[in-house]
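For what it's worth, this note's numbering labels the leading residue of the sequence shown as 9, then goes sequentially. For glycine and all other residues, C-beta sits at the position ideal for the given N, C-alpha and C. If you're wondering where the values come from, they're calculated on a predicted model, not measured in any experiment. Here is the structure we will look at.
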Amino acid sequence: MDAARFRPTRQQALGHGLYLGLLAAAAVLATAVVLVLTDSAAPPAWVWPWLAAGPPVLGALGGVLLRPRVRTEIGAEGIRTVTPFGAGVQPWSRVVDVRAERRGARTVVSVYLDSGASVRLQAPYSGGLFAADPQFELKVFALSHLWRSHRFGGVPS
9 MDAARFRPTR
19 QQALGHGLYL
29 GLLAAAAVLA
39 TAVVLVLTDS
49 AAPPAWVWPW
59 LAAGPPVLGA
69 LGGVLLRPRV
79 RTEIGAEGIR
89 TVTPFGAGVQ
99 PWSRVVDVRA
109 ERRGARTVVS
119 VYLDSGASVR
129 LQAPYSGGLF
139 AADPQFELKV
149 FALSHLWRSH
159 RFGGVPS
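Structure (structure tokens):
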């Protein structure tokens, strides 16, 4: 059984999917504009709203649907990060530090390993607008407490 499990909030999943959808919409619209300017097969007028609105809506829906598949699990074996593309486990014996640090516009949790490498956890994180997590500090505190418990004396009961 996991001691803790962290996932992006619904708002964060929605925002991330919307962001990716907006990027896809920009790429699709740019391609359509290039087709129009080069006198190639331009899309009909009724397609333009779909090209602009479709990818953000699909991205937001995809972000919400993929939310359960993106998480960080803390257990007896160590810290496990799970994404839709795979999973990785960092055993407690290799973890030398757990820190919350600024990366761009977000505050993320990084795990530093004995090899000198660092691993950015998928959750928890906090940032502006859709990326805000009101319980970020509590989650970081719980994560730090679990790491210290494993490092200096086992899991608390």
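- Apart from the 5 residues on each side of it in sequence, Q98 sits with its Cβ closer than 7 Å to the Cβ of G86, I87, V119, L121 and V127 in its chain, given in chain order.
- Excluding its 5 nearest sequence neighbours in each direction, A60 has C-beta neighbours in its own chain below 8 Å: A33 and L37, listed in chain order.
- Contact check for R15 and P76: beta-carbon distance about 7 Å, within the 8 Å limit, so the pair qualifies.
- Contact between W100 and H153 is absent: CB atoms are separated by about 13 Å, not below the 8 Å threshold.
- R111 is the residue among W155, L69, R111 and L26 whose C-alpha sits nearest the C-alpha of S134.
- Counting along the chain, T39 sits inside no beta strand (DSSP E); it lies in the alpha helix (DSSP H) bounded by residues R18 to L45.
- By the CB criterion at 7 Å, A53 and V44 fall outside the cutoff.
- Non-local C-beta neighbours of G25 in its own chain, meaning closer than 6 Å and more than five positions away in sequence, comprise G67, A68, G70 and G71, ordered along the chain.
- Bridge partners of S118 according to DSSP: R107 and R128.
- Looking only at Q143, A84, L30 and V55, the smallest Cα-Cα distance to A131 is reached by Q143.
- According to DSSP, residue pairing for R13 in a beta bridge involves E81.
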